[in-house]
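Asker: Encoded as structure tokens, here's the structure I'll be asking about.
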Amino acid sequence: MENAIAPLRQGQQPLAATSTRSLAESPRRDLTGRQKAAIIVRLLLAEGAPVPLASMTDNMQTDLTEQMAMMRRIDRATLRHVCEEFLEELEGSGLAFPGGIERALEIMDGHISANAVSRLRRMVGQNPDADPWHRIAGLDVEVLAKVLDEESIEVGAVMLSKLPVSKAADLLGRLPGERARRIAYAVSLTGNVQPDTVLRIGQSLSSQLDATPPRAFDANPVERIGAILNFSLAQTREDVLRGLEETDAVFAEEVRKAIFTFANIPARIDARDVPKIIRGVPQAVLVTALAAAKGPALAAAEFILANMSQRMAGTLKEEMAGLGKVRDKAGEEAMNAIVSAIREREAAGEIFLIAGDE
Numbered sequence: 006m007e008n009a010i011a012p013l014r015q016g017q018q019p020l021a022a023t024s025t026r027s028l029a030e031s032p033r034r035d036l037t038g039r040q041k042a043a044i045i046v047r048l049l050l051a052e053g054a055p056v057p058l059a060s061m062t063d064n065m066q067t068d069l070t071e072q073m074a075m076m077r078r079i080d081r082a083t084l085r086h087v088c089e090e091f092l093e094e095l096e097g098s099g100l101a102f103p104g105g106i107e108r109a110l111e112i113m114d115g116h117i118s119a120n121a122v123s124r125l126r127r128m129v130g131q132n133p134d135a136d137p138w139h140r141i142a143g144l145d146v147e148v149l150a151k152v153l154d155e156e157s158i159e160v161g162a163v164m165l166s167k168l169p170v171s172k173a174a175d176l177l178g179r180l181p182g183e184r185a186r187r188i189a190y191a192v193s194l195t196g197n198v199q200p201d202t203v204l205r206i207g208q209s210l211s212s213q214l215d216a217t218p219p220r221a222f223d224a225n226p227v228e229r230i231g232a233i234l235n236f237s238l239a240q241t242r243e244d245v246l247r248g249l250e251e252t253d254a255v256f257a258e259e260v261r262k263a264i265f266t267f268a269n270i271p272a273r274i275d276a277r278d279v280p281k282i283i284r285g286v287p288q289a290v291l292v293t294a295l296a297a298a299k300g301p302a303l304a305a306a307e308f309i310l311a312n313m314s315q316r317m318a319g320t321l322k323e324e325m326a327g328l329g330k331v332r333d334k335a336g337e338e339a340m341n342a343i344v345s346a347i348r349e350r351e352a353a354g355e356i357f358l359i360a361g362d363e
């Protein structure tokens with residue numbers, strides 16, 4: 006931006022000034038701030054400099070455009086004076102702060118608490134001059150998909166029209182076919198929607214989002230307790246599940262489905278993935294887990310041995326025979342290490358668990 010104006014200080018004549026020659030020798034000093042802004046923007050646009058006008062409010066953009074429409078010729082002395090004044094202001098600026106709460110929240114993301122963010126969001130929603138769509142466009146696709154699924158077809162069409170194209174396409178692809186088609190058609194009918202209506206829809210959606218309290222935990226309760234019980238001792242796990250069944254049978258059943266233990270391996274692991282899993286487990290740990298397997302876990306140990314090379318299976322069986330009796334705690338720790346290896350492979354996308362029916 007400054008590079009497009011700087012030549013005036015050396016007495017050079019920029020492109021925009023070639024058609025604005027005048028006999029005036031002294032600059033006009035009665036210009037308003039709005040007129041000076043129009044001059045700077047006109048010069049920058051003529052020189053091809055990027056001017057982020059879209060980041061201004063609609064009212065500011067309107068005022069600027071109206072001012073440019075009212076102006077005619079500006080002599081070179083006035084142009085040079087306005088540009089030098091503008092450059093001096095730029096050089097005197099030590100630090101730029103974001104305009105508005107939304108941009109400030111972007112900078113402060115991760116540095117202030119969720120409660121503070123929620124309170125500031127509500128402040129934005131109460132400000133009639135704030136653009137709620139800036140905030141909505143920055144939300145995760147999962148959050149927007151839920152809103153889009155719950156709102157009317159007409160509101161959904163306005164929402165897609167105000168979002169960046171890539172995010173709108175992602176959202177549309179997540180909808181059932183019939184609803185996606187209806188919303189896509191409704192977009193074609195938004196041409197005559199008034200700006201005030203679009204603003205009110207944005208404010209309403211923003212208020213709905215603000216009404217949802219921030220979550221203290223990323224995972225839901227079933228996933229949290231399931232993950233804890235995954236690595237608990239078998240006796241502890243069964244005691245807790247029996248207690249949950251007495252208190253809330255539905256919740257207990259959901260937790261059981263979320264749990265993945267050593268005994269679940271035959272039902273949830275593809276036989277072809279066994280070599281990938283055991284490759285990351287120390288042989289001593291593997292031998293301990295297989296030797297300690299009994300009851301429901303015995304089928305898992307046999308499944309693992311049956312889906313590796315015969316040579317390796319023979320070696321492991323020899324070591325298991327020479328290991329003797331394995332303490333229950335050591336055996337469970339070894340089994341949990343194998344479960345942990347499975348979870349790591351799954352998280353890395355190297356294997357996929359088969360959906361459980363229980």
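Count along the sequence shown starting at 1, add 5, and that's the number in the numbering used here. Positions of the beta carbon are idealized from the N, C-alpha and C atoms, including for glycine.
1. Tell me the residue span of the alpha helix (DSSP H) that contains A254.
2. Three Cβ pairs or more, each shorter than 8 Å: is that satisfied between the stretch 192-212 and the stretch 239-259?
3. Going residue by residue through the stretch 188-244, where are the continuous alpha helix (DSSP H) segments of at least 4 residues, counting only ones entirely within it?
4. What does a CB cutoff of less than 6 Å around R33 pick up in its chain, not counting 5 residues either side in sequence?
5. Helix, strand or coil: how does DSSP classify S345 here?
6. Take every Cβ of the stretch 51-58, pair it with every Cβ of the stretch 86-99, and state whether three or more of those distances are shorter than 8 Å.
7. Alpha carbon to alpha carbon, how far is R261 from E183?
8. Given a threshold of 16 other Cβ atoms within 10 Å of its Cβ, counted over all protein chains shown, does A29 qualify as buried or as exposed?
9. From the DSSP output, in three-state form, read off A29 for me.
10. Excluding the 5 residues flanking V227 on each side, which residues of the same chain have their C-beta closer than 6 Å to its C-beta?
11. Are the beta-carbon atoms belonging to L153 and G161 less than 8 Å from one another?
12. Can you tell me the Cα-Cα spacing of E147 and R77, whole angstroms?
13. For K167, is the classification buried or exposed, using 16 other Cβ atoms within 10 angstroms of its Cβ as the cut-off for buried?
14. Please report the distance separating the alpha-carbon of A306 from that of E251.
15. Report, in whole angstroms, the separation of the C-beta atoms of V344 and N225, which I expect to be a contact under 8 Å.
16. With DSSP run on the structure shown, which of helix, strand or coil describes Q131?
17. I79: buried (16+ other C-beta within 10 angstroms of its C-beta) or exposed?
18. Does the Cβ of A353 have 16 or more other Cβ atoms within 10 Å, making it buried, or fewer, making it exposed?
19. I309 by DSSP, collapsed to three states: which one?
20. Within the continuous alpha helix (DSSP H) that includes H139, where are the two ends?
21. I'd like to know whether the C-beta atoms of K299 and I356 end up nearer to each other than 8 Å.
22. Using DSSP with H/G/I as helix, E/B as strand and the rest coil, what is P280?
23. Just how far apart, CA to CA, sit V192 and R47?
Answerer: Answer, in terms of the structure:
1. Stepping through the sequence shown from its first residue, residue 254 is reached at position 249. Residue range 254-263 is occupied by the alpha helix (DSSP H) that includes A254.
2. They do not touch, by the three-pair rule.
3. Counting only runs of at least 4 residues, the stretch 188-244 fully encloses the following alpha helix (DSSP H) elements, listed from N- to C-terminal order: 200-216, 226-235.
4. Working through the sequence shown from its first residue, we reach residue 33 at position 28. Closer than 6 Å at the Cβ level, and outside the excluded window around R33, lie T83.
5. On the sequence shown, position 340 is the one that residue 345 refers to. It is helical.
6. They do not touch, by the three-pair rule.
7. Taking the sequence shown and counting its residues from 1, one reaches residue 261 at position 256. Taking the sequence shown and counting its residues from 1, one reaches residue 183 at position 178. Note on geometry: alpha-carbon atoms of R261 and E183 lie some 35 Å from one another.
8. As a first step, residue 29 must be located in the sequence shown, where it is residue number 24. A caution first: A29 carries a pLDDT of 44, below 50, which makes its placement in the model unreliable, though a value can still be read off. Classification of A29: exposed, given that the 10 Å Cβ count is below 16.
9. Working through the sequence shown from its first residue, we reach residue 29 at position 24. Interpretation of A29 is limited by its pLDDT of 44, a score under 50 that renders its predicted location unreliable; the figure taken from the coordinates is listed afterwards. DSSP, read as helix, strand or coil, puts A29 in coil.
10. Here residue 227 refers to the residue found at position 222 when the sequence shown is read from its first residue. Cβ within range, chain order: E259, V260, A263.
11. What you label residue 153 is simply residue 148 of the sequence shown in a count that begins at 1. What you label residue 161 is simply residue 156 of the sequence shown in a count that begins at 1. Yes, Cβ-Cβ distance for L153 and G161 is below 8 Å.
12. Residue 147 sits at position 142 when you count from the first residue of the sequence shown. Residue 77 sits at position 72 when you count from the first residue of the sequence shown. Near 51 Å, if we compare the C-alpha coordinates of R77 and E147.
13. Looking up residue 167 in the sequence shown gives position 162. In this structure K167 is buried. Its beta-carbon is surrounded by 16 or more other beta-carbon atoms within 10 angstroms.
14. Residue 306 sits at position 301 when you count from the first residue of the sequence shown. Residue 251 sits at position 246 when you count from the first residue of the sequence shown. Going by the C-alpha atoms only, they are around 32 Å apart.
15. For this step, residue 344 is matched to residue 339 along the sequence shown. For this step, residue 225 is matched to residue 220 along the sequence shown. The beta-carbon separation of V344 and N225, rounded to 21 Å, does not stay under the 8 Å limit for a contact.
16. If you number the sequence shown from 1, residue 131 lands on position 126. Low confidence applies here, because Q131 scores a pLDDT of 47, under 50, leaving its location unreliable; read the following figure in that light. Of the three classes helix, strand and coil, the one that applies to Q131 here is helix, per DSSP.
17. Counting from 1 along the sequence shown, the entry for residue 79 is found at position 74. The residue in question, I79, is buried, as its Cβ has 16 or more Cβ neighbours within 10 Å.
18. In the sequence shown, counting from the first residue as 1, residue 353 sits at position 348. Per the 10 Å Cβ criterion, exposed.
19. Locating residue 309 in the sequence shown gives position 304, counting from the first residue. Helix.
20. The residue labelled residue 139 in the question sits at position 134 within the sequence shown. Per DSSP, the unbroken alpha helix (DSSP H) holding H139 starts and ends at 137-142.
21. Numbered from 1 along the sequence shown, position 294 holds the residue referred to as residue 299. Numbered from 1 along the sequence shown, position 351 holds the residue referred to as residue 356. Cβ atoms of K299 and I356: not closer than 8 Å.
22. Numbered from its first residue, the sequence shown carries residue 280 at position 275. Shown here, P280 sits in a helix according to DSSP, grouped into three states.
23. Against the sequence shown, residue 192 aligns to sequence position 187. Against the sequence shown, residue 47 aligns to sequence position 42. When rounded, the distance between both Cα atoms is 34 Å.
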